[in-house]
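Let me begin by presenting the structure, written as structure tokens, before commenting on it.
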Amino acid sequence: MKTTEERIDKLEITLQEFIKSVGIEFNKLYNSQMRTEAELRDFKDEMKDFKNEMKDFKNEMKDFKNEMKDFKEEMKAFKEEMRQDRKDMNKKWGEISNKLGTLVEDIISPASRPVIENYFNCEPVFKSDNILKKIDGKYYEIDVLLTCKDKVFMIEVKSSPKIEHVDKFIEKSKDFFAFFPEYKGKKLILILASLTFPENVIEYASKLSTYVMAYREWEYMDILNFDKIKKN
């Protein structure tokens with residue numbers, strides 16, 4: 001039977017081992033906690049740096065957006081200025097051509113091909129200006145003539161278009177194939193052209209399926225009543 005002294009010695013040894021074991025685990029836990037705290041501090045520092053970088057980036061983006069806004073406004077003003085200059089130039093050039101009697105050659109004729117290609121989906125294969133033909137003592141004059149595969153376009157130019165010009169143009173067109181029989185079988189399309197048109201002339205011509213071509217707001221030559229005739 002073990003003596004009381006032996007049991008106490010054994011108990012002391014066990015207690016010492018327990019304390020040692022607990023100390024080791026505590027040290028591990030402490031060291032782990034210290035590492036975690038250090039890592040958290042590093043992480044917080046990194047996040048702080050990242051936030052500062054993001055703040056700087058946002059400020060740079062804000063400055064860039066402001067610069068782009070200023071640039072767009074400058075470009076808009078420049079385009080508007082160029083647009084107004086073009087309108088003024090077209091108007092002055094038209095007035096000069098009108099006075100010199102060269103409206104056909106200077107403005108109407110050069111614009112006719114792209115306008116016809118755009119609206120009538122056909123590529124003109126022939127174009128001629130200031131045609132004068134005589135048959136049996138009668139004269140027939142055409143300012144601009146263009147032909148496509150299945151269409152022929154007769155353009156009459158007027159410096160100051162009026163309603164009576166529409167009526168005379170339509171009446172004149174009745175003799176077209178008599179003077180130009182080579183175009184029989186093609187659809188004859190009438191276009192009255194000028195620099196500008198009064199609204200009442202546009203409305204009247206539209207009712208009679210006669211196209212009118214002029215400057216649209218002094219920017220470019222265009223057919224002003226294409227959609228109106230299309231609806232008729």
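In terms of my numbering, the sequence shown opens at residue 1 and continues consecutively.
Where is the CB? At the ideal position from N, CA and C, for every residue including glycine.
Predicted model only: the values in this text are computed from it and were never measured.
{"Asked": "Return the chain-ordered ranges of every alpha helix (DSSP H) run that is complete within the stretch 152-177 and spans a minimum of 4 residues.", "Found": "163-173"}
{"Asked": "Heavy atom of the ligand PLP less than 7 Å from the Cβ of Asp70, yes or no?", "Found": "Among the components modelled here there is no ligand, and therefore nothing to report on the ligand PLP."}
{"Asked": "Kindly identify the DSSP beta-bridge partner or partners of Leu208.", "Found": "Beta-bridge pairing links Leu208 to no other residue."}
{"Asked": "Under three-state DSSP, which class holds Ser97?", "Found": "Residue placement at Ser97 is poorly supported in this model, since its pLDDT is 48, which falls under 50; the coordinates still yield a value, given next. Of the three classes helix, strand and coil, the one that applies to Ser97 here is helix, per DSSP."}
{"Asked": "Leaving aside the five residues before and after Asn121 along the sequence, list all residues of the same chain whose C-beta is less than 8 Å from its C-beta, in chain order.", "Found": "none"}
{"Asked": "Would you report the Cα separation of Gly94 and Ser109, rounded to the nearest angstrom?", "Found": "Confidence at Gly94 is low in this model, with a pLDDT of 49, below 50, so its placement is unreliable and the value that follows should be read with caution. The alpha-carbon atoms of Gly94 and Ser109 are separated by roughly 13 Å."}
{"Asked": "Would you report the Cα separation of Lys133 and Glu217, rounded to the nearest angstrom?", "Found": "35 Å"}
{"Asked": "For Tyr139, count neighbouring Cβ atoms within 10 angstroms of its own Cβ and tell me buried if that reaches 16, exposed if not.", "Found": "exposed"}
{"Asked": "Does chain D have any CB closer than 8 Å to the CB of Leu188?", "Found": "Although the question refers to chain D, the structure presented lacks it and comprises just one protein chain."}
{"Asked": "How big is the Cα-Cα spacing for Pro114 and Lys51?", "Found": "59 Å"}
{"Asked": "Can you give me the C-alpha to C-alpha distance between Lys207 and Asn66, rounded to a whole angstrom?", "Found": "52 Å"}
{"Asked": "Taking only the alpha-carbon atoms, compute the straight-line gap between Leu100 and Lys76 and give it to the nearest angstrom.", "Found": "Bear in mind that the predicted position of Leu100 carries a pLDDT of just 48, short of 50, making it unreliable; the figure below should be weighed with that in mind. Between Leu100 and Lys76, the C-alpha separation is close to 36 Å."}
{"Asked": "Within 10 angstroms of its Cβ, does Met221 collect 16 or more other Cβ (buried), or is it exposed?", "Found": "buried"}
{"Asked": "Hey, Ser112 and Ile142: beta-carbon distance below 8 Å or not?", "Found": "no"}
{"Asked": "Does Phe64 come out as helix, strand or coil in the three-state DSSP assignment?", "Found": "helix"}
{"Asked": "Counting only the same chain and skipping the five closest in sequence on each side, list residues whose C-beta sits under 8 Å from that of Ile116.", "Found": "Cys122, Pro124, Leu146, Cys148 and Phe153"}
{"Asked": "From the DSSP output, in three-state form, read off Lys133 for me.", "Found": "strand"}
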